[in-house]
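> Pasting in a structure now, in C-alpha cells, and then I'll have a few things to ask.
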Amino acid sequence: MANGEATRRPALLAASAVLAHVPGLVRMGSKPSRELERDSGLEAKIGASLRGFDEAVGYAPNQAFVGLLHPREMGPRPHFSQRLEGAQRFGPDGEIMPEEEFIALLALADPFKRVRLASPLASRAAEALAHHPLHRYFDLQALKQAVGKPEAEVARDALGLFSREGDCVASVAPGHEQDSNLSAGVLLENLACKASGSLALMHLMDRNDIDPASIDYVIGCSEEAVGDRYQRGGGNMGKAIAEMAQCREASGADVKNFCAAPIPAMVVAASLVAAGVFRRVAVVGGGSLPKLGMKFEGHLKHSMPILEDTLGAVGVLIGEDDRVSPLMRLDSVGTHRVRSGASAEAVMEALVTEPLKRVGLRMTDLDEYATELHNPELTEPQGSGNVPERNYRMLAAMAVRQGLIERGAIGHFVSTRGMPGYAPTQGHVASAFCYAGHAQRSLTAVGSAQRVMMMAKGSLFLGMMTEQADGMSFVLERNG
Amino acid sequence: MDPHTQQLILDAASEHGRENLVVVLGTPSPEAAAIAAATVTTGDPTYAGPLAETQLGLSVYHILEDCVRQAIDPKLYDEHVGLMAEVLDRGALVAAVEQARSAKG
Amino acid sequence: MFEGKKIIAVGERDGVASPAIAACLEAAGGRVVLAATECFV
Numbered sequence: 006m007a008n009g010e011a012t013r014r015p016a017l018l019a020a021s022a023v024l025a026h027v028p029g030l031v032r033m034g035s036k037p038s039r040e041l042e043r044d045s046g047l048e049a050k051i052g053a054s055l056r057g058f059d060e061a062v063g064y065a066p067n068q069a070f071v072g073l074l075h076p077r078e079m080g081p082r083p084h085f086s087q088r089l090e091g092a093q094r095f096g097p098d099g100e101i102m103p104e105e106e107f108i109a110l111l112a113l114a115d116p117f118k119r120v121r122l123a124s125p126l127a128s129r130a131a132e133a134l135a136h137h138p139l140h141r142y143f144d145l146q147a148l149k150q151a152v153g154k155p156e157a158e159v160a161r162d163a164l165g166l167f168s169r170e171g172d173c174v175a176s177v178a179p180g181h182e183q184d185s186n187l188s189a190g191v192l193l194e195n196l197a198c199k200a201s202g203s204l205a206l207m208h209l210m211d212r213n214d215i216d217p218a219s220i221d222y223v224i225g226c227s228e229e230a231v232g233d234r235y236q237r238g239g240g241n242m243g244k245a246i247a248e249m250a251q252c253r254e255a256s257g258a259d260v261k262n263f264c265a266a267p268i269p270a271m272v273v274a275a276s277l278v279a280a281g282v283f284r285r286v287a288v289v290g291g292g293s294l295p296k297l298g299m300k301f302e303g304h305l306k307h308s309m310p311i312l313e314d315t316l317g318a319v320g321v322l323i324g325e326d327d328r329v330s331p332l333m334r335l336d337s338v339g340t341h342r343v344r345s346g347a348s349a350e351a352v353m354e355a356l357v358t359e360p361l362k363r364v365g366l367r368m369t370d371l372d373e374y375a376t377e378l379h380n381p382e383l384t385e386p387q388g389s390g391n392v393p394e395r396n397y398r399m400l401a402a403m404a405v406r407q408g409l410i411e412r413g414a415i416g417h418f419v420s421t422r423g424m425p426g427y428a429p430t431q432g433h434v435a436s437a438f439c440y441a442g443h444a445q446r447s448l449t450a451v452g453s454a455q456r457v458m459m460m461a462k463g464s465l466f467l468g469m470m471t472e473q474a475d476g477m478s479f480v481l482e483r484n485g
Numbered sequence: 043m044d045p046h047t048q049q050l051i052l053d054a055a056s057e058h059g060r061e062n063l064v065v066v067l068g069t070p071s072p073e074a075a076a077i078a079a080a081t082v083t084t085g086d087p088t089y090a091g092p093l094a095e096t097q098l099g100l101s102v103y104h105i106l107e108d109c110v111r112q113a114i115d116p117k118l119y120d121e122h123v124g125l126m127a128e129v130l131d132r133g134a135l136v137a138a139v140e141q142a143r144s145a146k147g
Numbered sequence: 020m021f022e023g024k025k026i027i028a029v030g031e032r033d034g035v036a037s038p039a040i041a042a043c044l045e046a047a048g049g050r051v052v053l054a055a056t057e058c059f060v
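Protein chains in written order, with this note's numbering: chain L, 6 to 485; chain F, 43 to 147; chain R, 20 to 60.
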C-alpha cells in the first residue's frame, strides 16, 4: 500500500507552449477594434506596423516562449529591432504557427461550420498542414469542406478575417441571429482559444510520446466565456480541446480565475491525481484574441512594430510520479484568503511567506520564481512599466525583510531567481504558466535547480463581483 | 486612465464638488502617474475618455509622497504601502505628479 | 491634510491597490467616495 501511495505523488510530466502569429487578426483585438471604429485613418497605420512571420520567429522573446532559449539568455534589449540568428519555427516546447495555417486550424476547430475559407488560403494551408509534424491530427478533408466565399458571407452577416495585407481570407458567420453570446466575434474568440489550446496539447503529446488515449481529463483554464444567453460563460473549453486533440478517453471541465486560472487548475489536476480519481490530467490554456494589440497605441507612438501579434497557448500534463519528472508539492499551495487583504504585502504574505513557512522552506531555498512574465517591450511603450521586474523586486524586498538577503543583493536576487519577461500579454498564459516547460528543464537532468515556485495573481475586480485580490502558488521540486 | 474610471471621477466631481475632492494615486509607473495626474487636473492628455476636454483641477497626490505618508499612521502605512514603497521608483512618481500639480497652477 | 476631505482613490493592481489606499486615507480622517483599481496586464 505504501508503494501504491508513493506513486500517487503528482508530477509535472510534460509541458508545451505555442504561439500563433496572427498579424491580420490584430485589428480584431478589443482595443484596436474600438479605436478603428473611432478613427478610420488608423487602418493604414496599423497595417504598416504589423510584423511578417520571419520577424516574429526571429524575435528573441518568441524563441524563449517555445523553449529554444531560456528567458535569461535573450540578450540585450531592444529585441524587436534584432532578428535572432538561427531562430526556428519549432522549439522543444512547441512552435510559432503562421497565420494561414492557424486560420485553417480555426476551420478545423469549428464543428458548426461557421468558418469559411477562401480557396487559395485553404489550398496553401492544406499543403503546409499535410507536412506538419502534427499532420495526423489534422483532418484535411474537413478543410476542403470549409472552402467557401468569405466575401459573399461578409456581405450577408459574417465577420471577415483579413490577412496582414488586407485581403479577405476567411469569414465567421454568427451562431445565432439574436444571441450576442454567439455573435461571430464571440465565436471567433472562442475558436481561436480552442484551436491554439488544442495545438498546445497536440504538441505536448507528440513531443513526449504520450498516447492521447492515456489522458483521463482535460482542464481548460482559458479566459474566454463559452456559452449562450442562458449560460454566458457556461464553459467546457477543456472537453472541446480534448476532442480536437483526439483524447478519446478523456472528459473535461474548466477552472476559471482570470489571469490566475492556470495555477488553481494545475492544483486541481494534481489533487485529482493524488486522490486517485485520474491518472493523467492535462491543463490547457488557449490564446486570448481580445488581448491582441492591447497596447498598440504605445507601439505606434514609439514607431515600433505592433508586438502583440501572437496568440499564446500552453499545455501541461500532470500525472503519477514517474521518479524523474518534477513533483508538484500539494502541501506547499499558497492561497489568498478572503481575510488576507489587497495590499501587495498581504498578497505576497499569502502566496509566498505563509506557504513556505508551513513546509519549512525559506525564500532563498527557491532557485527560481515564475510569476507574471509579461514581455516589458510590450507594456513599457504604453506606460505600464516592467511587470515581471516589479514582481521580482517585490519578492526580493520580502527576502530583505525576512533577513535572508542584504538590501544590496536585491539586484542579484532579481537576476538569478527571476528572469526578464518574454510572454505576450495574454493574461493567464503569461502568469507563470508559460514557464512550465522551462521549469521542467530546470528541475530535471539538464538543469540544476532544486525548487521553482509557480505563482499567479488575478484581478477579480474586473468582473465587478468583488474587490478581492486573488492568487495562488505552489512549489515544483526536483524528483529524487 | 481607463475611460470608465474617468467617468466615475467626473460623476464624483459633480456630486461632491471639485473643491472638496482629493485624488490619491497608487499607480506603479511614472508615465501612467503623469497621465493620471494630468487627467484629473488639466484633462486627459491621451484624449481617450470623458475627461479629455475637461479641466477638473482636482488636488492630486501619489500615495508614496512624503506629505501623504506623514498624514497616515506609520504602522498602517507600512502594512498597506510599505512593500510597494520599497519597490517602486518613488522619486520619479513624485516628480510626475508634482509636474501635473504645477501645470494646474 | 485629509481630515474631512472626500477622497478618490485610484489604485492599480500592479502598484498600490485602491483598497490599500482607502484603508490608509480613511484612518487619516478622509472619507473615500470613490475607490477604483485599474489593471493594465
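Here a beta-carbon is modelled for each residue, glycine too, at the ideal position from N, C-alpha and C.
Predicted model only: the values in this text are computed from it and were never measured.
Establish whether the CB of Met43(F) and some CB of chain L are separated by less than 8 Å.
Taking Cβ atoms only, chain L never reaches closer than 8 Å to Met43(F), which makes this a no.
> Cα separation between Gly243(L) and Ile101(L)?
Distance between the alpha carbons of Gly243(L) and Ile101(L) is about 22 Å.
> Which chain L residues sit within Cβ distance under 8 Å of Arg50(R)?
Per Cβ cutoff of 8 Å: no residues; Arg50(R) is ~18 Å from chain L at best.
> Closer than 7 Å between beta carbons: that is the criterion. Which residues of the segment 72-84 of chain F meet it against chain L?
Answer set for the segment 72-84 of chain F: Glu73, Ala74, Ile77.
> Pull up the distance between the alpha-carbon of Ala441(L) and that of Phe107(L), whole angstroms please.
Distance between the alpha carbons of Ala441(L) and Phe107(L): 23 Å.
> Taking C-beta pairs closer than 8 Å, name the residues in chain L that Val60(R) reaches, listed in chain order.
Within chain L, the residues near Val60(R) are Cys264, Glu377, His379, Thr384, Ser389, Val392, Thr430, Gly432, Ala435.
> With 16 as the cutoff for other CB atoms within 10 Å, does Met470(L) come out buried or exposed?
Met470(L) should be labelled exposed.
> Output, in sequence order along the chain, the residues in the segment 152-164 of chain L whose CB is closer than 9 Å to any CB in chain A.
Reference to chain A is not applicable here, since the protein chains of this structure are L, F and R.
> How should Leu465(L) be labelled, buried or exposed, when 16 other C-beta atoms within 10 angstroms of its C-beta is the threshold for buried?
Counting Cβ neighbours within 10 Å, Leu465(L) comes out buried, since at least 16 surround it.
> Using alpha carbons as the reference points, say which of Ile40(R), Gly34(R), Glu22(R), Asp33(R) lies closest to Leu53(R).
Ranking the options by Cα distance to Leu53(R), first place goes to Ile40(R).
> Any beta carbon from chain F within less than 8 Å of Ile40(R)'s own beta carbon?
Interface residue, yes.
> What do you get for Val480(L), buried or exposed, if any count of 16 or more other CB atoms within 10 angstroms of its CB means buried?
Val480(L) is buried by the Cβ-count criterion.
> What does Pro92(F) touch in chain L if you count any residue whose Cβ is under 8 Å from its own?
Near Pro92(F) there are no residues of chain L at all, since even the closest Cβ is about 14 Å away, more than 8 Å.
> Whose CA, out of Met20(R), Ala47(R), Ala55(R), lies closest to the CA of Ala54(F)?
Nearest option by C-alpha distance: Ala55(R).
> Since Cys226(L) is in the alpha helix (DSSP H), which residue starts that stretch and which ends it?
Note, Cys226(L): premise wrong, no alpha helix (DSSP H); not H, not E.
> Against Arg398(L), what residues of chain F qualify as contacts under a CB-to-CB distance less than 9 Å, listed in chain order?
Neighbours of Arg398(L) on chain F, chain order: Glu128, Val129, Leu130.
> Since Val480(L) sits in a beta bridge, which residues does DSSP pair it with?
Note: Val480(L) sits in a beta bridge opposite Arg334(L), Met458(L).
> Are any of the Cβ atoms in chain L nearer than 8 Å to that of Ala104(F)?
Note that residue 104(F) corresponds to His in the displayed sequence, not to Ala. Closer than 8 Å: no.
> Using 8 Å as the threshold, is the segment 395-402 of chain L in touch with the segment 315-322 of chain L, meaning 3 or more CB pairs across them?
The segment 395-402 of chain L vs the segment 315-322 of chain L: no contact.
> Between Ala142(F) and the rest of its own chain, which residues show a CB-CB distance below 6 Å, the 5 nearest in sequence each way excluded?
Closer than 6 Å at the Cβ level, and outside the excluded window around Ala142(F), lie Ala79, Ala80, Thr83.
> Give me whichever residues DSSP pairs with Arg121(L) in a beta bridge.
According to DSSP, Arg121(L) bridges with Ser176(L).
> Check whether the segment 339-347 of chain L and the segment 31-39 of chain L touch, using three or more Cβ-Cβ pairs below 8 Å as the test.
The segment 339-347 of chain L, when compared against the segment 31-39 of chain L, does not touch it at the 8 Å Cβ threshold.
> Does the segment 174-183 of chain L come close enough to the segment 104-124 of chain L that 3 or more CB-CB pairs lie under 8 Å?
These segments touch.
> Consider the Cβ of Ala404(L): report whether some Cβ of chain F lies at a distance smaller than 8 Å.
So, not an interface residue.
> Which residues mark the beginning and the end of the alpha helix (DSSP H) in which Asp120(F) is found?
Start and end: 116-129.
> Once you ignore the five residues that flank Lys306(L) on each side, which residues in its own chain have a CB closer than 7 Å to its CB?
Same-chain partners within the cutoff: Pro386.
> Which residues of chain F have a Cβ atom closer than 7 Å to the Cβ of Ala287(L), listed in chain order?
Simply none; closest approach about 35 Å.
> Below 8 Å on the Cβ atoms is my guess for Leu297(L) versus Val286(L); work out the distance and round it to an integer in Å.
Their Cβ separation, rounded to whole angstroms, is 29 Å, which puts Leu297(L) and Val286(L) out of contact at 8 Å.
> Suppose contacts are defined by Cβ-Cβ distances below 8 Å. Is Leu294(L) in contact with Glu170(L) by that definition?
Not in contact: Leu294(L) and Glu170(L) (Cβ atoms no closer than 8 Å).
> With Val110(F) as the anchor, note down where its beta strand (DSSP E) starts and where it stops.
No beta strand (DSSP E) contains Val110(F), which is instead part of the alpha helix (DSSP H) from 108-112.
> CB-CB under 8 Å to Asn8(L), same chain, minus the five flanking residues each way: which ones, in chain order?
Since pLDDT at Asn8(L) reaches only 48, below the 50 mark, its modelled position is unreliable, and no value is offered.
> Could you run through the segment 448-467 of chain L and flag, in chain order, every residue whose CB is less than 7 Å away from some CB of chain R?
Those would be Ser464, Phe466, Leu467, in chain order.
> What is the rounded straight-line gap between the Cα of Ala197(L) and the Cα of Glu61(F)?
Distance between the alpha carbons of Ala197(L) and Glu61(F): 49 Å.
> Between Asn8(L) and chain R, is the shortest Cβ-Cβ distance under 8 Å, so that the two count as touching?
Confidence at Asn8(L) is low in this model, with a pLDDT of 48, below 50, so its placement is unreliable and the value that follows should be read with caution. It does not; no Cβ of chain R falls within 8 Å.
> Please confirm if the segment 55-67 of chain L is in contact with the segment 132-146 of chain L, defined as three or more CB-CB distances below 8 Å between the two stretches.
These segments do not touch.
> Tell me, which residues are paired with Val102(F) by DSSP?
Bridge partners of Val102(F): Val65(F).
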